[in-house]
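Note sheet for the following structure.
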Amino acid sequence: MATTASISITSDITESVPFSVNAEMTMYQAGTTLDLEETTGLAQRTFSGNTTQVTLIDVSATPVTAAAGGHKVYIRNTGTDKTKGFKVFLADATDDTEEIGTLYGQDWMLMPWLASDANEDIMVQPSSTEKMTIEYAVFHQ
Amino acid sequence: MATTTATLTLSSDMLSSPISISASSILMKAGVTEGLELIEMGRGTIAEADGSKTAEFGLPTALGADKAAKLFLVNKATDPTYYIDIDLHDTNVGRLYAGDWMFIPWGMNDTASELVIEAEPAGATCPYEFVLLQEPQTLVAHS
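Residue numbers (the working numbering), protein chains in the order written: chain A, 209 to 349; chain B, -17 to 125.
What follows is the structure, encoded as structure tokens:
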């Protein structure tokens, strides 16, 4: 039951120095070479009419093994408009939030997720009241 | 315009209907269709004995609020028990185990946006590589 992810980054920012990065990983359970075995599957949410911050992935509603450490989260802004984005946040221990960054149209992210307690929910905030859609998945232990 | 493209290919056969994700994005400055213009990349090593350290890549005060940046970080350790614990300021993001990578947008709004890394468990040493792609920084005044 392998889950693999590969990334390729290419850029011509430096015209005289070709730049590319390629990396692959197999998602394992924490500290082992055993494959992750659970996923939420690929999900989608659409927002319209407000720009409030909402919980996208709720630790308490996701059957992760607490603090196991092998979890991964994928999120993508499926829109094509580069002027509109979703700010992505992690809730913190004081129920405040830490901003990770903004996913503009077509931008995606893949990151580890500790999900050790209910204070590490993943939140998003659309920049526009117009219809915006995000897709996401959690691969976990 | 500089063109920087980040492409993800993800596949999983956990489900009876396999998951296959292909995503690609041209990385732009915040809210516009102008490409990012700055690359910073490198390699380092952090050991468990070093304790918790603010990552040397990208000073969080350099970019200012609501600018665009993307960070790629990979743990090059080979021992599967070795991991890099990653905090965003004082909130734990997660763990990059040996061979794991992450790619995230990074707000870098202020000093509270700092990324903090720590090698674990006891005795671990984790080489890592990073690429930071971002908007141009304001040049520092002549001293």
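C-beta atoms are modelled at their ideal positions from N, C-alpha and C, and glycine is treated no differently.
Using DSSP with H/G/I as helix, E/B as strand and the rest coil, what is residue 32 (chain B)? helix
Close-in-space but distant-in-sequence residues of the same chain around residue 7 (chain B) (CB under 6 Å, 5 per side omitted): -12
Do you know how far the Cα of residue 341 (chain A) is from the Cα of residue 60 (chain B)? 38 Å
Thinking C-alpha only, which one of B:12, B:-1 and B:55 is nearest residue 82 (chain B)? B:55
For chain A, is any of its Cβ atoms less than 8 Å away from the one on residue 77 (chain B)? yes
Distance, residue 47 (chain B) Cα to residue 237 (chain A) Cα: 36 Å
I want to know whether the segment 29 to 39 of chain B touches the segment 272 to 287 of chain A - three or more CB-CB distances under 8 Å. no
Counting only Cβ pairs nearer than 7 Å, list the residues of chain A close to residue 118 (chain B). Within 7 Å Cβ-Cβ: nothing; residue 118 (chain B) doesn't reach chain A, min ~10 Å.
Assumed close pair residue 28 (chain B), residue 66 (chain B) - CB separation to whole angstroms, cut-off 8 Å: 7 Å
Are the CB atoms of residue 115 (chain B) and residue 51 (chain B) nearer to each other than 8 Å? yes
With three or more C-beta pairs closer than 8 Å as the rule, is the segment 319 to 327 of chain A touching the segment 8 to 19 of chain B? no
According to the neighbour-count rule (16 or more other Cβ atoms, all chains shown, within 10 Å of its Cβ), is residue 288 (chain A) buried or exposed? exposed
Coarse secondary structure for residue 27 (chain B), derived from DSSP in three states: strand
Quick check on this structure: which residue in A:261, A:218, A:329 and A:219 has the alpha carbon closest to the alpha carbon of residue 267 (chain A)? A:329
Three-state class that DSSP yields for residue 95 (chain B) in the structure shown: helix
Closer than 8 Å, CB to CB, is residue 39 (chain B) near chain A or not? no
Run of the beta strand (DSSP E) containing residue 221 (chain A), from where it starts to where it stops: It is not in any beta strand (DSSP E) - residue 221 (chain A) carries neither H nor E in the DSSP assignment.
With a threshold of 8 Å, are at least 3 pairs of Cβ atoms found where one atom belongs to the segment 211 to 219 of chain A and the other to the segment -16 to 3 of chain B? yes
Output needed for residue 308 (chain A): all residues of its chain with C-beta closer than 7 Å, excluding positions within five of it in sequence on either side, in chain order. 296, 297 and 298
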